[in-house]
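Student:
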Amino acid sequence: MTLVRRPAPLDRLSAMDVTNLLVESRGVVMHVAALAVLDGRPLLDPAGEVRIDAVREHMSARLPRRLRQRLVLPHRAVA
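In this note's numbering, the protein residues as written are 1 to 79.
And the structure:
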């Protein structure tokens, strides 16, 4: 039995997303960021080091699928 790997379905950018990408440059950023100051003690291991893998795992599990996606340019045949 041969397993066939199917490509992931394409999710095209909206017109607004494309516009933001076209306008964005080093001097004009179109993304949003936030800063939160939290009690980090639960994120530390016994040696006092941040358990970064645990932090990433926790964040990834809580983010909606759309916010975990990354932008890639498709092959010509797909476009």
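For every residue, glycine included, the Cβ atom is placed at its ideal position computed from N, Cα and C. Since this is a predicted model, take the numbers as computed values, not measurements.
Per the DSSP calculation, residue 50 is bridged to which residue(s)?
Tutor: Translated into positions along the sequence shown, residue 50 becomes position 50. Answer is 44, bridged to residue 50.
Student: Looking at C-alpha atoms only, which residue of 7, 24, 15 and 55 is the closest neighbour of residue 38?
Tutor: The count along the sequence shown starts at 1 and reaches residue 38 at position 38. Checking every option, the nearest Cα to that of residue 38 belongs to 55.
Student: Could you give the distance in angstroms between the alpha-carbon of residue 25 and the alpha-carbon of residue 66?
Tutor: Your numbering for residue 25 matches position 25 in the sequence shown. Your numbering for residue 66 matches position 66 in the sequence shown. The alpha-carbon atoms of residue 25 and residue 66 are separated by roughly 23 angstroms.
Student: Please report how far the alpha carbon of residue 30 lies from the alpha carbon of residue 62, in whole angstroms.
Tutor: Counting from one through the sequence shown, the residue named residue 30 turns up at place 30. Counting from one through the sequence shown, the residue named residue 62 turns up at place 62. Residue 30 and residue 62: Cα-Cα distance of roughly 24 angstroms.
Student: Express the C-alpha separation of residue 44 and residue 58 in angstroms, rounding to a whole number.
Tutor: By 1-based counting over the sequence shown, the position of residue 58 is 58. By 1-based counting over the sequence shown, the position of residue 44 is 44. C-alpha separation (whole angstroms): 14 angstroms.
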